[in-house]
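Below: one structure, written as structure tokens.
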Amino acid sequence: MHIDELFIGRDREIAQLELAIGPGDDGLRLAMLTGPSGLGKTTLTRVLLERARAAGFRVALANGRAGTLSTPFVPWMEALPELKDVLEIARSAATADMDQLGIELVSLLSASTEPMLLVFDDAQALDESSLALLPYAVGVAEHTNLTVLIVEQNDAVGIPDSYRAFVDGLLARRVVRHLELGPMSDDSIRELASHVLELETPAEVPAEIVLRAQGNPWFAKELSDAFRRGASEIPVSIAAAATARLHSLTETAQDVVSAVALCPEGAYIGWLESIADEKPRVFVRTMEAIKASGLVREDGDIVSIAHPLMQQSLLDELSAAMGRALHLELTEVISTVPLSGVTQSRALGYHLSQAGRPDEAVAHYLRAADANDIQGQLHEAVADFIRALDAEPRIEARVALLRRCGFACMQVNNDRAAEFWNELGRISSAQTDNDTYAYALFQQYWTSSDGSAVDRLERATSLGPDKYGWSA
Numbered sequence: 005m006h007i008d009e010l011f012i013g014r015d016r017e018i019a020q021l022e023l024a025i026g027p028g029d030d031g032l033r034l035a036m037l038t039g040p041s042g043l044g045k046t047t048l049t050r051v052l053l054e055r056a057r058a059a060g061f062r063v064a065l066a067n068g069r070a071g072t073l074s075t076p077f078v079p080w081m082e083a084l085p086e087l088k089d090v091l092e093i094a095r096s097a098a099t100a101d102m103d104q105l106g107i108e109l110v111s112l113l114s115a116s117t118e119p120m121l122l123v124f125d126d127a128q129a130l131d132e133s134s135l136a137l138l139p140y141a142v143g144v145a146e147h148t149n150l151t152v153l154i155v156e157q158n159d160a161v162g163i164p165d166s167y168r169a170f171v172d173g174l175l176a177r178r179v180v181r182h183l184e185l186g187p188m189s190d191d192s193i194r195e196l197a198s199h200v201l202e203l204e205t206p207a208e209v210p211a212e213i214v215l216r217a218q219g220n221p222w223f224a225k226e227l228s229d230a231f232r233r234g235a236s237e238i239p240v241s242i243a244a245a246a247t248a249r250l251h252s253l254t255e256t257a258q259d260v261v262s263a264v265a266l267c268p269e270g271a272y273i274g275w276l277e278s279i280a281d282e283k284p285r286v287f288v289r290t291m292e293a294i295k296a297s298g299l300v301r302e303d304g305d306i307v308s309i310a311h312p313l314m315q316q317s318l319l320d321e322l323s324a325a326m327g328r329a330l331h332l333e334l335t336e337v338i339s340t341v342p343l344s345g346v347t348q349s350r351a352l353g354y355h356l357s358q359a360g361r362p363d364e365a366v367a368h369y370l371r372a373a374d375a376n377d378i379q380g381q382l383h384e385a386v387a388d389f390i391r392a393l394d395a396e397p398r399i400e401a402r403v404a405l406l407r408r409c410g411f412a413c414m415q416v417n418n419d420r421a422a423e424f425w426n427e428l429g430r431i432s433s434a435q436t437d438n439d440t441y442a443y444a445l446f447q448q449y450w451t452s453s454d455g456s457a458v459d460r461l462e463r464a465t466s467l468g469p470d471k472y473g474w475s476a
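With the working numbering as the guide, the letters of the sequence shown map in order to residues 5 to 476.
Right, here's the structure in full:
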């Protein structure tokens, strides 16, 4: 299908995005495209990139992939290969000087002799180090021939507070042209379905497809494709479509797909081979059948569920017992596949946490945090400390983690530091631990921006002798 046929019903949105990037220096420098999964953000972005190239722009695309499989600065390396050497050095240095990296980035962008469109797809999934560089690009965009486009899936789970604070700041300053994508009209859904079904006119599209698509172009394509294949029934929901495909596979293939669904950022192919426990050529045929089902997509060694809506449906299909069993199987196979220490520790931490083993999960997350801290990847270390805290449900065990989270956030000026010191204060107050309570109040003194700093310090000094030495 020709690329211009892929955004049926989105002419107004395309026009708005083209206006946002503008011709040369006349465009608004910052643009943002947001919306839930399945409404066509990726398709719109692809069309916009093609048109920008045709208009003489250099297009630089960065893809967010946060969580257990993230690697610091990789999105920037992919978008701007000229920065790769500098970022590689920073990643391996004892401490990453973000200001120096920001200066290098600004110098590169300022030196460009052609208009540039810098796109962050799935920006909400950027790793913390990449996110820390984003304000430098945004800051220089208004003074150079650069347009920054941020594409966000706003119904994604676990969007980092650091990203949300950055975007909310942009929107509050009203310096960004914001386009929020909504459902397509019924007429547009009919036109889209008619292309998939290869019908003469949109009027021939079955009303059931339009009704069940509910303005979602991805599901309209899924429904139309099922109808075209002569499926006995049109799936009544996205869940039904995903479930029908899953149950058409062998039991081993179903286990592999379920394991992929349990990995938010995708699963390494080596993990899946161990899960399948088949001879190599048999496993190849299993993966070919899974790919033919349309349930997964491959990106190098990473296998992911084809669409977030489909992934959620597959997760809903799993019983709690099966989900826990697969998480535990994944923890066993992850250790057998060669990965970087941080990536492996994060993956183990996530799956152990989901399997209800907080002690082991926290230990692995802290191992990742300490490794990042030693390597100078302080933003990544903060993210791992917070993951460890989120994995620990027991109040008595959270006290030490809250301190580490608080200090780590203070190192990188992360506003969440106050949140962690506040929780530590509440816990120690409830336990009548005046020493720790005073300590928490003192740290709140340094991190509070709500006008209560002096009051907190006075309350801390009234609680008795200084056991921890904070008064010095």
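Ideal Cβ positions, reconstructed from N, Cα and C, are used throughout, including at glycine.
Between which residues of its own chain and residue i is the CB-CB distance below 6 Å, once the five residues before and five after are set aside?
i      : result
Asp305 : Tyr272, Ile273
Ala19  : none
Val90  : Glu108
Leu318 : Ala246, Ala265
Gly31  : Reliability of the predicted coordinates at Gly31 is poor, the pLDDT of 49 falling under 50, and the value obtained from them is presented with this limitation in mind. These residues qualify, in order along the chain: Ile25, Thr151.
Gly455 : No answer about Gly455 holds up, because its pLDDT of 48 lies below 50 and its placement is not dependable.
His182 : Met36
Leu174 : Val180
Met188 : Gly13, Gly219, Pro221
Could you please give the first and the last residue of the uninterrupted beta strand (DSSP E) stretch that includes residue i?
i      : result
Asn67  : 62-67
Gly39  : 34-39
Glu364 : From DSSP, Glu364 is part of no beta strand (DSSP E) but of the alpha helix (DSSP H) over 362-378.
Glu156 : 150-157
Give every residue of the same chain whose Cβ lies closer than 7 Å to the Cβ of residue i, excluding the five residues on either side of it in the sequence, and list them in chain order.
i      : result
Gly327 : Leu266
Glu208 : Ser198
Val307 : Val264, Gly270, Ala271, Ile273, Leu276, Val300
Thr256 : Ala280, Glu282, Thr290
Asp8   : Its pLDDT being 41, under 50, Asp8 is placed unreliably by the model, and the measurement read from it follows with that caveat. So the list is empty, once near-sequence residues are dropped.
Taking 8 Å as the limit between beta carbons, can you name the residues of its chain near residue i, skipping five residues before and five after?
i      : result
Glu333 : Ala263, Ile279
Arg16  : none
Asp191 : Gly13, Pro206
Ala56  : Ile25, Val63, Leu121
Going by C-alpha to C-alpha distance, which of the options sits closest to residue i?
i      : options                        : result
Asp126 : Ile25, Ala169, Gly68           : Gly68
Glu282 : Asp89, Leu174, Lys295, Thr254  : Thr254
Ala66  : Arg55, Val78, Ala59            : Val78
Glu275 : Leu330, Phe389, Leu370, Val214 : According to the sequence as given, residue 275 is Trp; it is not Glu. Nearest option by C-alpha distance: Leu330.
Glu3   : Arg407, Asp394, Arg233, Arg350 : Residue 3 falls outside the range modelled here, since the chain spans only 5 to 476, and no answer is possible.
His147 : Asn426, Ser189, Arg33, Trp222  : Arg33
Leu138 : Tyr167, Glu156, Asn158, Leu121 : Tyr167
Asp105 : Glu22, Glu86, Ser116, Val123   : Reading off the sequence, residue 105 comes out as Leu, not Asp. Taking only the C-alpha atoms, the option nearest Leu105 is Glu86.
Gly353 : Ala244, Asp320, Val341, Arg371 : Arg371
Leu185 : Asp159, Pro210, Ser432         : Asp159
Asp259 : Asp303, Arg233, Ile294         : Ile294
Leu393 : Ala325, Ala375, Arg420, Pro268 : Arg420
Ala412 : Arg233, Val386, Leu428         : Val386
Using 10 angstroms around the beta-carbon of residue i, count the other beta-carbons present and answer buried if the total reaches 16, otherwise exposed.
i      : result
Ser114 : exposed
Ile378 : exposed
Gln128 : buried
His368 : buried
Asn417 : exposed
Arg285 : exposed
Ser357 : buried
Leu48  : buried
Ile390 : buried
Over what stretch of residues does the alpha helix (DSSP H) that includes residue i continue unbroken?
i      : result
Leu484 : Outside the modelled stretch of the chain, which goes from 5 to 476, sits residue 484, for which no answer is possible.
Glu3   : The structure shown has nothing for residue 3, since the chain only spans 5 to 476.
Gln358 : 345-358
Leu21  : 15-25
Gly143 : 132-145
Gly44  : Note, Gly44: premise wrong, no alpha helix (DSSP H); not H, not E.
Item to check | Contiguous alpha helix (DSSP H) assignments of at least 4 residues, all confined to the region 73-121 | outcome: Positions of the alpha helix (DSSP H) runs, each at least 4 residues long and wholly inside the region 73-121, are given as 78-83, 88-96, 102-114 in order along the chain.
Checklist entry - What are the uninterrupted segments assigned as alpha helix (DSSP H) that are 4 or more residues long and contained completely in the region 261-333, given in chain order? => result Counting only runs of 4 or more, we get 273-280, 284-296, 312-321.
Next on the checklist: At 3 residues or longer, what runs of the beta strand (DSSP E) sit wholly inside the region 168-252?
Outcome noted: Counting only runs of 3 or more, we get 181-184.
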